[in-house]
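Below is one structure; the comments refer to it alone.
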Amino acid sequence: EAGVAQSPRYKIIEKRQSVAFWCNPISGHATLYWYQQILGQGPKLLIQFQNNGVVDDSQLPKDRFSAERLKGVDSTLKIQPAKLEDSAVYLCASSLVAGEETQYFGPGTRLLVL
Amino acid sequence: GEDVEQSLFLSVREGDSSVINCTYTDSSSTYLYWYKQEPGAGLQLLTYIFSNMDMKQDQRLTVLLNKKDKHLSLRIADTQTGDSAIYFCAEEYSSASKIIFGSGTRLSIRP
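As given, the protein sequences belong to chains A and B, one line each in that order. This note's numbering numbers the first residue of the first sequence as 8 and each following residue consecutively. This note's numbering numbers the first residue of the second sequence as 1418 and each following residue consecutively.
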């Protein structure tokens, strides 16, 4: 079984530029999560999708971050414009259902904002 | 509030047992997890325990849960160099159906 795929693996941009990350969850997983992991910290949930609907985006800085999962499979996370403090690893995870199922993580996208 | 706390570092000698401790806040958590993160990699689920259990053993891993004290521990027997990683404790925050992670414990192995 293929795992969660993410791209790109690394991205370096200047502040005020835009960036987008892509995630392909495990086939059949209804729930998809985006996490932000700042160096030295644990992952922090940004947004959770159940199929193509948003379940929780309370921690998403909506003035600059957006995410979508149009067909209930792949998802993109966008930052526009980026700030220095957005430098982090962005992890995507998926689970069969929400809450009661194990989350499987992708390798992450490491973002550096200069 | 939501909070999961862990010590930041642990150093053990190869072949000894490692014990990583964690405290959490949500007494109604259903699941508690241990994840492992190696450099440059995503999080790998090591094991999890249901809140109605006190202990779970899986090969070299033993998880102990003290619900009264909201304390979770992970014991790795016969620690090997391949166990070097950051270990994250996480609880399912049941009121919001989301997982809250600790800051991670960096385990280093000395010869």
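Using N, Cα and C, we set each Cβ at its ideal position, and we do this for glycine too.
Hey, how far is the Cα of serine 1525/B from the Cα of leucine 118/A?
Reading the second sequence from its first residue, position 108 is the one you call residue 1525/B. Reading the first sequence from its first residue, position 111 is the one you call residue 118/A. Taking the straight line from one Cα to the other gives about 26 Å.
Identify the residues that DSSP records as bridge partners of threonine 116/A: which are they?
Reading the first sequence from its first residue, position 109 is the one you call residue 116/A. Looking at the DSSP assignment, threonine 116/A forms a beta bridge with Tyr97/A.
Applying a beta-carbon distance threshold of less than 8 Å, which residues of chain B neighbour leucine 98/A?
Sequence index remark: in the first sequence, residue 98/A carries index 91 (1-based). Within 8 Å Cβ-Cβ: Gly1459 and Leu1460.
Considering only DSSP beta bridges, list what threonine 1464/B is partnered with.
For the purposes of this step, residue 1464/B is identified with residue 47 of the second sequence, where counting begins at 1. DSSP lists Trp1451/B as partners of threonine 1464/B.
Cα-Cα separation between glycine 35/A and threonine 1442/B, rounded to whole angstroms
The sequence position of residue 35/A within the first sequence is 28, counting from 1. The sequence position of residue 1442/B within the second sequence is 25, counting from 1. Going from the Cα of glycine 35/A to the Cα of threonine 1442/B covers about 32 Å.
If we count the other Cβ atoms within 10 Å of its Cβ and call it buried at 16 or more, is phenylalanine 56/A buried or exposed?
For the purposes of this step, residue 56/A is taken as the residue at position 49 of the first sequence. With 16 or more Cβ atoms within 10 Å of its Cβ, phenylalanine 56/A is classed as buried.
Which listed residue (Thr38/A, Thr83/A and Ile20/A) has its alpha carbon closest to that of serine 14/A:
Taking the first residue of the first sequence as 1, we reach residue 14/A at position 7. With distances taken between Cα atoms, serine 14/A lies closest to Thr83/A.
So which residues on chain A does serine 1487/B lean against when the C-beta distance must stay under 7 Å?
Numbered from 1 along the second sequence, position 70 holds the residue referred to as residue 1487/B. Sequence inspection shows lysine at residue 1487/B; the serine mentioned does not correspond to that position. Chain A residues near lysine 1487/B: none, gap ~17 Å exceeds 7 Å.
Where the beta strand (DSSP E) through glutamine 1474/B begins and ends
For this step, residue 1474/B is matched to residue 57 along the second sequence. Annotation: the continuous beta strand (DSSP E) that includes glutamine 1474/B extends over 1472-1475.
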